[in-house]
Every structure is written in structure tokens, then in C-alpha cells.
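Q: Mind looking over this structure? Questions follow.
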Amino acid sequence: MTPEKELLFLALGGSGEIGMNVNLYGADGKWLMVDLGMSFADPGYPGVDLVFADLEFIEERCDDLLGIVLTHAHEDHIGAIPYFAADLGVPLYATPFTAELVLRKLEEADLTETVELHIIDHLDEFAPGGEGPFKVRYVPLAHSIAEGNAVLIDTPYGRVFHTGDWKLDDDPQIGEPSTPEELTEIGDGGILALVCDSTNVFNPEPSGSEGAVRLALDAEIARHHGKRVLVTTFASNVARLQTLGQVAKETGRQLCVAGRSLDRIITVAKDNGYLQNFPETVDFDTAMRLPRGDILIIATGGQGEPRAALARIASESHPLELDKGDVVLFSSRQIPGNELQIGRIMNQLADREIKIVTDRQELIHVSGHPGRPELEALYSWLRPEVLVPVHGEIRHMREQVKVGAEAGIPSRVFQKNGDIVRLAPGKPGKIGETRTGRLVLDGDIIVPADGETIVERRRLSQNGHIVVTLPPVASKADPIILPIGLPLDEDEADFIAEAQDDLSKAVKRLKGGRTKDRDAIHEAVRLAVRRAARRWSGKNPQVTVQDFD
């Protein structure tokens with residue numbers, strides 16, 4: 351599909367899921383991409399860490415793609431850049447903090463000479479690709495990372511306000527988000543469509559202020575006089591890092607940072623004018639020599655990541671140590687899907703009588719996404735003609751459609767990945783759909799998430815594997831059967847004996863030319879051994895049959 355005299359919207363990722371944000375706008379034969387993110391794999395993708403949106407639709411239209419505008423530096427908005435930006439072959443646009451984090455990714459991938467990166471250090475309008483139907487300017491909004499931005503996209507068919515990730519915060523600690531008056535002025539100029547974050551739509555209260563978190567953290571840490579305190583938070587939450595730096599000073603503690611991603615974010619933030627009053631940190635050895643009440647540790651790993659600093663500290667395999675009576679504050683939200691691994695770490699800490707405090711007990715975290723009152727406030731300032739919910743699961747986006755209707759927005763368009771939506775001219779709504787899917791980074795190779803490799807590995811993880819090696823035709827030796835990952839235990843020898851007998855009978859039942867057809871023999875053996883495995887274990891393993899060479 352090529353956009354004609356119309357304005358189209360198409361999400362390839364991030365609509366129907368939280369993460370992996372990739373959004374396209376089409377007009378007058380050209381396309382503009384907003385964000386190019388990724389997700390982290392769940393256990394359904396064994397052996398895989400990263401998941402990407404399948405960009406086949408826009409890869410086939412690269413000649414018509416003008417550029418990629420990045421709203422902010424969270425991985426679910428920029429994480430796919432090193433893997434796809436070079437192939438797309440268009441310039442990237444980002445504000446300075448985001449641009450430096452992107453540049454580091456490009457350097458690691460040896461792509462700095464290949465991918466064109468434009469740093470937008472102003473709030474003036476710019477034209478991605480230097481020409482075309484789109485004019486863009488950044489609109490600062492509060493979020494949990496420095497330089498969170500909406501993008502205001504001017505087109506021949508009306509203006510689109512694409513929020514990115516955002517919230518309202520009267521005391522944000524980092525940055526200067528747009529005021530209600532400034533947003534109202536944007537609304538006065540007319541907004542055709544509001545394409546809006548749906549993550550926290552079920553929250554009936556505002557998300558809360560970072561300033562309030564600072565007060566709560568200050569009080570909580572001061573309460574644990576004489577104890578070693580560790581705070582775990584998202585490395586990218588620059589506002590929280592600013593807060594913790596201030597809290598360390600106010601509670602008379604020196605600061606120690608554990609986690610390479612924290613080191614990177616702190617360096618980039620300082621290079622871009624943030625964290626200017628952040629205290630000097632001490633190394634691990636110094637931290638361990640200080641009196642217990644004189645140190646505050648900031649560590650990665652609040653989502654239970656097994657290789658992160660917190661997991662290693664909890665398992666006593668890290669230079670930083672916690673003991674009975676020390677305190678761990680979880681200053682981050684629990685991402686759905688991470689409950690088990692977070693619980694595992696919490697249990698390790700609790701077993702050692704280390705005190706745990708979460709945001710359910712004290713106000714030590716606020717979300718970076720808008721609750722329902724914040725959505726309603728933004729609607730009232732911008733007064734869009736059309737609402738398009740994005741950045742959420744289906745239930746979140748359906749709910750925001752309802753909130754928009756109650757707020758009086760004339761048109762609300764529910765869409766999900768792959769739905770092609772016409773925003774103008776005429777009545778807005780879905781006009782078609784395209785195939786979307788997921789890709790995964792498997793080792794160093796990007797493969798389809800539903801491809802045979804991943805499907806086979808998933809089967810192996812669930813049902814195990816059996817390798818059968820057949821002896822030469824003239825040999826009287828028994829076939830070798832090697833079960834891997836089946837719950838046989840002490841019954842393994844008996845299983846192998848019965849499976850050998852079953853496969854021998856299966857081969858003898860072959861008739862005519864099939865008695866010498868190796869493919870027919872292999873298939874008969876495979877089925878016989880699999881049936882035996884099912885009888886003995888209740889599993890349906892993969893069975894590989896090979897000839898002895």
C-alpha cells in the first residue's frame with residue numbers, strides 16, 4: 351500500500367503489547383517512522399533475549415521512508431536501531447540525551463559511518479528527510495527518563511500529537527515539561543489526532559510526582575539508621591537517580607553504584623547537563639569498609655534479571671554484601687511477566703533476614719505513564735478530533751477508547767499492530783491490514799519468532815529429545831537410544847530395552863521395497879520410539895534417527 355492524498359497510521363509494534371514500539375505515518379506517497387523499539391523475551395522464547403517487530407512492510411517501501419523520529423531513549427523505543435537502521439537507510443532524529451545513547455549503540459555495532467543521526471537541540475519545527483509532507487517538532491513531557499518528548503507532526507491533512515511515553519508532574523526533578531498553558535496553545539492551533547500512551551489507563555489516580563518520591567525515600571532511608579541500604583531502580587530513570595543523589599546527601603550517606611547500565615546512563619546524563627549535583631561515588635571496596643549506616647547503594651536488577659547486580663548480591667556472589675537487618679528498597683514497578691524472578695530474589699533476601707520495602711508499602715516509586723485523570727487533562731488541553739490509543743495491551747487500548755468517548759472526543763479508533771488506519775480525509779477508521787509478526791535475536795542471527803528453529807527449541811524444552819542411532823544393515827548390534835530431558839530416572843534402562851524391541855518390530859512390519867528404503871525405516875523407528883516414550887513418560891519428545899557411519 352502507498353498512501354495517496356490521505357493521512358494514514360500503522361503500528362508495526364507496541365499496539366496490543368507493552369514494548370517494541372514502531373509506528374508509521376503515511377501521506378502523499380511517503381512514510382515517517384516514530385520510534386524503533388524492542389522487547390525482552392519471555393520464557394516462551396527459550397535461549398532468546400531480544401524480540402523485535404517484523405519490519406517487512408516498511409522494508410519493502412524503504413525508498414518512500416523519510417526518516418525515523420525518536421521520542422525518548424527507553425529500549426522499547428530505540429532498542430532495535432542497531433539491528434535495522436542500516437537496512438532501512440534513512441536518517442534518525444533525536445534530542446541530545448537520546449542521541450548520545452543511540453550513538454553508543456551505533457558505535458558498538460560499528461554503524462556510525464553507515465547510519466545518519468541528527469541531533470535536534472531545539473523545539474523548532476524540522477522536516478525529516480529534508481522534504482515531504484511531514485513537519486515535526488518536539489514537545490517536552492514528563493517521563494521517567496531525561497528528554498521524554500511527544501512529537502507534533504504537521505501534515506497537509508491536519509496535525510497529529512503523538513505522545514510517546516508521558517505523565518504529568520508538577521515537581522519532575524529532571525527537565526522542564528510543557529505547561530498546561532503551552533499544551534492548550536497547541537490545542538488552540540487544532541489537533542486532528544491524538545495518538546496516546548495507554549499503559550496506566552486503569553489507574554483512577556494521577557501517577558504522582560517524583561518530588562513526592564524524593565520525600566518518601568528521604569524519610570524511609572533515614573529510618574534505617576546504622577543499616578546498609580540498597581535501592582534498586584531502572585537504570586534509565588534519570589529523575590530517580592537525581593532523587594537518590596539528593597537523598598544520599600540529605601541522609602549523610604556516600605553513594606555506590608552497581609551495574610554497567612547505571613554507569614552508562616549517569617555518564618550520558620552528565621554529558622548532557624543532567625545530574626550536575628550528583629555526588630561522587632565510591633568503589634565497592636570503599637563501600638564495604640564504610641560504617642554500615644554511611645553507605646547507600648544503587649543497583650540494577652529490580653526486575654529479577656539473573657545477571658544483574660541485585661541478583662548477584664542476593665546470592666552472595668558480588669563484591670557488595672548485605673547482611674541481616676540491612677534494607678533493600680524496590681524503587682520501580684514490577685513489570686508483568688517478571689513476578690516469578692523478582693519473587694525468587696525477594697525470597698533469597700528474606701531468607702537472610704534482609705528487610706524488603708516496595709512501593710506497596712511506601713511511596714518510593716511513581717509510574718512514568720499517565721493515570722486516567724492525566725489522560726482526561728490532556729484531552730481537555732489538546733481537544734483532538736480523533737483519539738488513537740497505542741502503547742498498551744488490548745485491554746488498555748479498549749479502555750482508553752471508552753475514556754475518550756466519555757471525555758467527548760468525537761472519533762475514537764481502536765487499532766492493533768497491522769491495522770492500517772486512515773485519519774483523514776473523511777471519517778477516520780481502519781481501511782485495511784498488513785501482516786505483522788515478531789523476530790528474535792537468536793545468538794547473532796535474527797530469525798522469525800514463529801520459525802522452525804524456535805518452535806523446535808520450544809518443543810525440546812517441553813518434551814525432551816531422543817537420538818536413535820541405527821547399526822549397519824549387516825550388523826547384529828542393537829540400536830543405540832539416547833534419551834535427553836525425559837523424566838525416566840531409574841526406569842531409563844527398562845525404557846531403552848522396550849523401545850529397542852518396539853522399533854525392531856516396527857521395522858519387521860515394513861513390506862516390499864520399503865524394507866530397504868532408509869527414509870521409510872527411519873520414519874518407522876521414529877514413530878515406534880516416540881510411542882514408547884509417551885507410554886513411559888507421558889511426553890512427546892523430538893526423535894532424531896540416524897545411521898551409524
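Positions in the sequence shown are counted from 1; adding 350 to them yields our numbering. The C-beta atom is built at its ideal place from N, Cα and C for all residues, glycine as well.
1) Could you tell me which uninterrupted alpha helix (DSSP H) segments, each at least 4 residues in length, are contained entirely in the region 534-621, listed from first to last along the chain?
2) Buried or exposed: where does GLU494 fall if 16 or more other Cβ atoms within 10 Å of its Cβ makes it buried?
3) Going by the CB atoms, is the gap between LEU728 and PRO720 shorter than 9 Å?
4) Would you say the region 540-550 touches the region 565-580, given that touching needs at least three Cβ pairs under 8 Å?
5) For the beta strand (DSSP E) that contains LEU646, what are its first and last residues?
6) Buried or exposed, going by whether 16 or more other CB atoms sit within 10 Å of the CB of VAL805?
7) How many whole angstroms separate the CB atoms of ILE503 and HIS512, which I take to be in contact at a CB cut-off of 8 Å?
8) In angstroms, rounded to a whole number, what distance separates the CA positions of ALA585 and VAL738?
9) On a CA-only basis, which of ALA598, ALA637, ASP621 is nearest ALA608? Give me that one, please.
10) Measuring only the C-alpha atoms, how far is PRO483 from ASP378?
11) By DSSP, does HIS872 sit in helix, in strand, or in coil?
12) Which residue wins for smallest C-alpha separation from ARG785, given the options LEU838, GLY768, VAL797?
13) Evaluate the contact criterion for the region 689-701 versus the region 591-599: three or more CB pairs, one atom per stretch, below 8 Å.
14) So, helix, strand or coil for ILE759, using DSSP?
15) Which class does HIS427 belong to by DSSP, given the choice of helix, strand or coil?
16) In this structure, does DSSP put MET370 in helix, strand or coil?
17) Any chance the region 604-619 sits against the region 527-541, with 3 or more Cβ pairs inside 8 Å?
18) Taking Cβ positions, are LEU456 and ILE418 nearer each other than 9 Å?
19) Measuring straight from C-alpha to C-alpha, what distance separates ALA901 and GLY652?
20) Jot down the residue ranges of each uninterrupted beta strand (DSSP E) in the region 788-839, minimum 3 residues, whole runs only, in chain order.
21) Under the rule that 16 or more other beta-carbon atoms within 10 Å means buried, what is THR617, buried or exposed?
22) Just the Cα atoms here: how many angstroms apart are ILE744 and PRO723?
23) Cα separation between GLN750 and GLU735?
24) Counting pairs of beta carbons, one from the region 386-398 and one from the region 788-798, are three or more of them closer than 8 Å?
25) May I have the straight-line CA-CA distance separating MET747 from PHE390, to the nearest angstrom?
26) Three or more C-beta pairs closer than 8 Å, one from the region 804-822 and one from the region 409-417: is that the case here?
27) Consider the C-beta atom of GLU354 and the heavy atoms of the ligand SAH; say whether any pair is separated by less than 8 Å.
28) When burial is assigned at 16 or more other CB atoms within 10 Å of the CB, is MET370 buried or exposed?
29) Can you check whether the CB of PRO490 is closer than 9 Å to the CB of ALA459?
30) Could you check which residue in ARG864, ASN550, THR865 has the C-alpha nearest to that of VAL753?
31) Here's the rule: buried if 16 or more other CB atoms are within 10 angstroms of the residue's CB, otherwise exposed. What is ASP621?
32) In terms of residues, what are the limits of the beta strand (DSSP E) holding ILE770?
33) Look at the alpha carbon of LEU713 and the alpha carbon of THR534, and state the distance between them as a whole number of angstroms.
34) Where do the N-terminal and C-terminal ends of the beta strand (DSSP E) with PRO490 fall, by residue?
35) Between which two residues does the alpha helix (DSSP H) harbouring GLN691 extend?
36) I'd like to know whether the C-beta atoms of PRO833 and GLU842 end up nearer to each other than 9 Å.
A: Taking the coordinates as given:
1) 560-573, 588-600, 610-621
2) Going by the sequence as given, residue 494 is Ser instead of Glu. Its Cβ being crowded by 16 or more others within 10 Å, SER494 is buried.
3) yes
4) no
5) Taken as a continuous stretch (DSSP letters only), the beta strand (DSSP E) holding LEU646 covers 645-649.
6) exposed
7) 6 Å
8) 30 Å
9) ALA637
10) 7 Å
11) helix
12) GLY768
13) For the pair of segments examined, the region 689-701 was found not to touch the region 591-599: the number of CB pairs separated by less than 8 Å stays below three.
14) coil
15) Helix.
16) coil
17) no
18) Going by C-beta atoms, LEU456 is not nearer than 9 Å to ILE418.
19) Residue 901 falls outside the range modelled here, since the chain spans only 351 to 899, and no answer is possible.
20) For the region 788-839, the full-length beta strand (DSSP E) segments reaching 3 residues or more read 788-792, 795-798, 815-820, 830-834 along the chain.
21) exposed
22) 20 Å
23) 15 Å
24) Taking one beta carbon from each stretch, the region 386-398 and the region 788-798 have 3 or more pairs nearer than 8 Å; the two touch.
25) 21 Å
26) no
27) In the structure on display, the ligand SAH does not appear, and there are no ligands present to speak of.
28) buried
29) Contact flag unset, no.
30) ASN550
31) exposed
32) 769-774
33) 31 Å
34) 485-490
35) 689-701
36) Against a cut-off of 9 Å, the Cβ pair of GLU842 and PRO833 comes out as a contact.
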